[in-house]
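Asks: Position 69 of the sequence shown, counting from 1, maps to 69 under the UniProt record's numbering, and the rest follow consecutively. Here it is: the structure, laid out below.
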Amino acid sequence: MKISFVRIDDRLIHGQVATVWVKAYDCNRIMCCSDEVAKDELRKQLVLQVTPPGLKAYILPIQKAIEAFNNPKYDSFNTFFLFTNPTDVLRMVEAGIPFESVNLGGMRYVDGKTQISQAVSVNEQDIAALKKLDEKGVKLELRQLAKDPKINVIEKLKSMNL
């Protein structure tokens, strides 16, 4: 399985993903990786309904996503990986999935989170996972839209004393 693009966006598949990001990275599959979403039948159905025509999307728990990545049956997949949080990305990297870079595009604000951009808010668990990903050599960029300039996530966290 080829890794086309890796993005953290807690909305998963939505307008920008469906119309811009999938074209920018020429993928033929979308894999939404989340234990939480995979268990939520309503959310799963809503996400799958907005999959762009001509693409196939899957919503898998993290362990099943790891197994699918390692299954030679899926070698023809050019996959856009979507996550809701950096902890799940870290779980896959620690399981040997070779993500070279990760885009942070949308993590909504809730109490206990700190807003680091217009569209991304993080808590201590997110920050710890991002720092571990950085230590493992994964490049982390902050970019809501494909046309936006890439901002180094770790530098952004440092500049905010996080």
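Note that beta-carbon positions come from the ideal geometry of N, C-alpha and C, so glycine has one too.
1. Using DSSP with H/G/I as helix, E/B as strand and the rest coil, what is Phe99?
2. Among Asp26, Glu41, Arg143, which residue has its Cα nearest to the Cα of Met107?
3. Measure the Cβ-Cβ separation of Cys27 and Leu12 and say whether it is below 8 Å.
4. Run through DSSP, which three-state label would Phe80 get?
5. Can you tell me which of Phe81, Asn152, Asp148 puts its alpha carbon nearest to the alpha carbon of Lys139?
6. Give a yes or no on contact between the segment 124-135 and the segment 73-86, applying the rule of three or more CB pairs nearer than 8 Å.
7. Have a look at Met92 and Asn71 and give me their C-alpha separation to the nearest angstrom.
8. What runs of the alpha helix (DSSP H), each 4 residues or longer, lie entirely inside the segment 27-72?
9. Locate the beta strand (DSSP E) running through Ile3, then write down its first and last residues.
10. The ligand FMN heavy atoms versus the CB of Asp148: any closer than 7 Å?
11. For Lys158, count neighbouring Cβ atoms within 10 angstroms of its own Cβ and tell me buried if that reaches 16, exposed if not.
12. Measure how close the beta-carbons of Val120 and Leu104 come, nearest whole angstrom, since I'm counting them as under 8 Å.
13. So, for Thr114: in the same chain, excluding its five sequence neighbours on each side, which residues have a beta-carbon less than 8 Å away from its beta-carbon?
14. Which stretch, first to last residue, makes up the alpha helix (DSSP H) that contains Lys131?
15. Between Lys56 and Asp111, what straight-line distance do the alpha-carbon atoms span, to the nearest angstrom?
Replies: This is what the structure gives:
1. coil
2. The shortest C-alpha separation from Met107 is found at Arg143.
3. no
4. strand
5. Asn152
6. yes
7. Their backbone Cα atoms lie some 15 Å apart in a straight line.
8. 35-39, 41-49, 62-69
9. Run containing Ile3: 2-9, per the beta strand (DSSP E) assignment.
10. Among the components modelled here there is no ligand, and therefore nothing to report on the ligand FMN.
11. exposed
12. With a Cβ gap of about 5 Å, Val120 and Leu104 count as contacting.
13. Correct list, in chain order: Ser121, Val122, Asn123, Met160, Leu162.
14. 124-135
15. 35 Å
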